[in-house]
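Student: Mind looking over this structure? Questions follow.
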Amino acid sequence: MLTSLLGAVESGLLYALMALGVYITYRVLDFPDLTVDGSFTTGAAIATVLTLNGTPPVLSLICSFIGGALAGLMTGLLHTKGKINGLLSGIIMMIALYSINLRIMGKPNVSLRGEANLFDGANVLLVGLIIAVGVKLLLDLFFKTNVGLSLRATGDNKRMIQSFGANTDRTTIIGVSLSNALVATSGGLIAFSTNQTNNNMGVGMIVIGLASVIIGEAIFGKSSIFRTTLAVVLGAIAYRLIYALALRVPGMDAQDMKLITAIIIVGALVIPTIRSAIQDKSVSRKRAAEVIEKVASKGGVS
Amino acid sequence: MLHIKEVSKLFNPGTIDEKVALLKADLQLKQGDFVTIIGSNGAGKSTLMNIISGVLKPDIGVVEIDGNDVSSLPEHKRSQWIGRVFQDPMAGTAPRMTIEENLAVAYKRGQSRGFSFGVTKKTKMIFREELSRLGIGLENRMNAKVGLLSGGERQALSLLMATFTRPQILLLDEHTAALDPARAELVTDLTEKIVKDLNLTTLMVTHNMEQAIRLGNRLIMMDKGQIILQVNEDRKSELTVERLLGEFEQISGKKMADDRVVLG
């Protein structure tokens with residue numbers, strides 16, 4: 001039990017980069033980017049194939065980052081310059097990447113067993129923690145720079161930032177590229193930790209990313225950027241923990257994974273809505289009762 | 001300073017919904033001119049603003065700023081000369097960012113945005129000083145998210161953000177129309193003060209006749225995409241609301257049709 005929970009925290013930290021990537025597009029830019037399903041595998045494929053060919057693992061991982069950024073760049077260009085709907089540009093890139101990933105790998109499954117590995121002789125938990133926290137802090141700093149501020153403003157009020165002379169096409173492209181670069185890096189990390197890459201490993205990744213963001217924000221709050229990125233990292237871990245626990249429910253097994261994911265995300269989306277609806281109702285009831293009482297005691301509306 | 005040369009603009013050209021938004025509109029502003037614009041619904045007031053700011057491009061005609069043809073420049077390039085405040089208090093600020101972050105975004109108007117920090121000790125001091133000029137206490141709430149401010153506070157902040165980098169031209173698009181009377185008065189007073197202090201060349205669309213007469217040194221009236229009346233400095237001081245409505249009827253041959261018009 002403890003081992004499996006520890007394993008969940010470990011993989012949660014590695015998936016945290018992907019969740020941070022999804023946070024950039026979904027929350028900051030307000031651009032639901034489905035490229036993620038493809039670029040996650042792209043990152044894994046690049047890291048695996050380069051390592052198999054003798055590239056040092058760290059360098060391979062940096063190439064994953066660049067590969068993901070290029071995929072994001074394409075999606076961003078399709079959306080801003082090609083004027084293709086945001087969702088559709090992501091779907092187009094996702095499907096294109098499916099073939100590109102197969103080309104990179106040469107076959108649907110590639111194993112890293114017996115090869116050099118990023119985690120050779122290292123504690124996965126520690127390395128994962130350093131990477132996740134490091135990227136989180138860098139991202140916090142980035143969002144305070146002038147580029148970062150205009151990127152946030154693009155998602156918050158596009159008309160306004162345009163009237164102040166920022167090129168929103170550019171900020172959107174930067175955001176989507178950075179997002180997919182992080183997603184691809186996360187894919188590379190997962191390839192190293194599981195010692196393999198297969199062409200389907202990215203399927204449903206966007207939903208897991210969204211689940212991490214939503215769960216994180218719901219549990220840990222989103223009052224500031226610092227708080228929110230922390231919540232997203234913790235959300236990625238929380239998702240893995242919930243998932244590990246759900247698998248322990250009698251009758252559940254690995255093939256139910258996508259269903260469990262769907263149920264978790266529905267829960268994370270619906271529970272806060274119900275909670276705030278109940279709260280609103282009780283607040284307005286209380287207030288209405290107060291008003292009635294006041295009217296009754298004064299004998300008229302004041 | 002600003003010259004709109006015979007600008008025409010159609011919406012949905014060649015279709016059954018074709019609409020003439022501007023027809024040979026010609027307007028010339030000198031440095032420091034403050035022009036108020038009135039007109040009935042669909043007269044082309046907002047189109048004129050959008051043509052100047054670069055949101056829309058003229059079908060025919062030219063927009064010149066300081067003698068340079070800017071007609072082909074997109075909005076984000078023209079913004080180095082033009083500050084703008086919209087009618088909707090939500091439009092001019094980013095709600096999920098703090099007051100100082102909003103100001104930092106506005107501070108970089110027309111400059112390239114690099115990887116330096118937007119809010120630093122130095123810029124904070126500038127922001128605090130500028131905010132205190134508004135006199136509504138925002139300088140003590142610089143870390144508050146703008147979404148928490150009232151409509152009037154947001155509009156005052158929008159006005160500051162549109163002007164504190166000293167653009168040459170200020171466009172005000174019914175910027176007090178969505179506010180309650182007291183806050184509208186506050187924002188109007190601030191507008192007058194800022195325009196005067198910075199000697200900004202200003203265009204202001206308003207539905208408030210009294211305001212249109214009281215503010216600025218020139219007034220224009222629009223109808224069906226045309227500028228039908230220009231009142232210059234020397235005549236503006238003698239204007240009254242009745243006289244203005246009378247002029248409109250005389251020129252356009254109909255009553256001023258505007259469901260939102262405020263006579264003052």
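Line order of the protein sequences matches chains A and B.
With this note's numbering applied, the first sequence closes on residue 302, and no number is skipped along the way.
With this note's numbering applied, the second sequence closes on residue 264, and no number is skipped along the way.
We treat Cβ as the ideally placed atom computed from N, Cα and C, and that holds for glycine.
Remember, predicted model here, so these are calculated numbers, not experimental data.
Please state if the CB of L34(A) and the CB of G90(A) are separated by a distance shorter than 9 Å.
Tutor: Yes.
Student: Starting from the beta carbon of L149(A), find every residue of chain B whose beta carbon is closer than 7 Å, and list them in chain order.
Tutor: E101, A104, V105, G118
Student: Can you tell which of G137(B), G147(B), S40(B) has the C-alpha that lies nearest to the C-alpha of L244(B)?
Tutor: For L244(B), the closest of G137(B), G147(B), S40(B) by C-alpha to C-alpha distance is S40(B).
Student: Ordered along the chain, which non-local residues of its own chain (more than five positions away) have a Cβ less than 6 Å from that of M74(A)?
Tutor: Contacts found: M93.
Student: Got a sec, what are the start and stop residues for the alpha helix (DSSP H) V135(A) sits in?
Tutor: 124-142
Student: Roughly how many angstroms lie between the CA atoms of I219(A) and I161(A), to the nearest whole one?
Tutor: Approximately 31 Å, taken between the alpha carbons.
Student: Could you tell me whether any Cβ in chain B is nearer than 9 Å to the Cβ of D140(A)?
Tutor: Not one chain B Cβ lies under 9 Å of D140(A).
Student: Nearest-angstrom Cα distance between D280(A) and I215(A)?
Tutor: 21 Å
Student: Quick check: the region 217-237 of chain B against the region 185-200 of chain B, are at least 3 beta-carbon pairs closer than 8 Å?
Tutor: Short answer: they don't touch.
Student: With a CB to CB cut of under 6 Å and the five nearest residues on each side skipped, what residues in its chain are close to K30(B)?
Tutor: M1
Student: Grab the span of the alpha helix (DSSP H) containing K196(B) for me, first residue to last.
Tutor: 181-198
Student: State the Cα-Cα distance for the pair V301(A) and Q155(B), rounded to the nearest angstrom.
Tutor: For V301(A), the predicted structure reports a pLDDT of 49, less than 50, and the residue's modelled location is therefore unreliable. A value from the coordinates is still provided. C-alpha separation (whole angstroms): 33 Å.
Student: What is the C-beta distance between T163(B) and L198(B), in whole angstroms, given that I count them as a contact (C-beta under 8 Å)?
Tutor: By a beta-carbon distance limit of 8 Å, T163(B) contacts L198(B). Their separation comes to about 6 Å.
Student: Is there a C-beta anywhere in chain A that falls below 9 Å from the one on G151(B)?
Tutor: no
Student: Identify which residue in I66(A), F164(A), R113(A) has its Cα closest to the Cα of S186(A).
Tutor: I66(A)
Student: Under 8 Å between beta-carbons, which chain B residues line up against R103(A)? List them in chain order, please.
Tutor: Result: empty, since nearest Cβ-Cβ is about 34 Å, beyond 8 Å.
Student: Would you tell me roughly how many angstroms separate the C-alpha atoms of D37(A) and N12(B), rounded to the nearest one?
Tutor: 40 Å
Student: DSSP on L73(A), reduced to helix/strand/coil?
Tutor: helix
Student: What is the DSSP secondary structure of H175(B), reduced to helix, strand or coil?
Tutor: coil
Student: Between K294(A) and chain B, is the shortest Cβ-Cβ distance under 9 Å, so that the two count as touching?
Tutor: no
Student: Check the Cβ of T163(B) against every Cβ in chain A and list those closer than 9 Å, keeping chain order.
Tutor: Chain A residues near T163(B): none, gap ~12 Å exceeds 9 Å.
Student: Can you list, in chain order, the residues of the region 65-80 of chain B whose Cβ is nearer than 9 Å to any Cβ on chain A?
Tutor: P74, E75, H76, K77, R78, S79, Q80
Student: By the criterion of Cβ-Cβ separation under 7 Å, what are the contact partners of F115(B) in chain A?
Tutor: T145, V147
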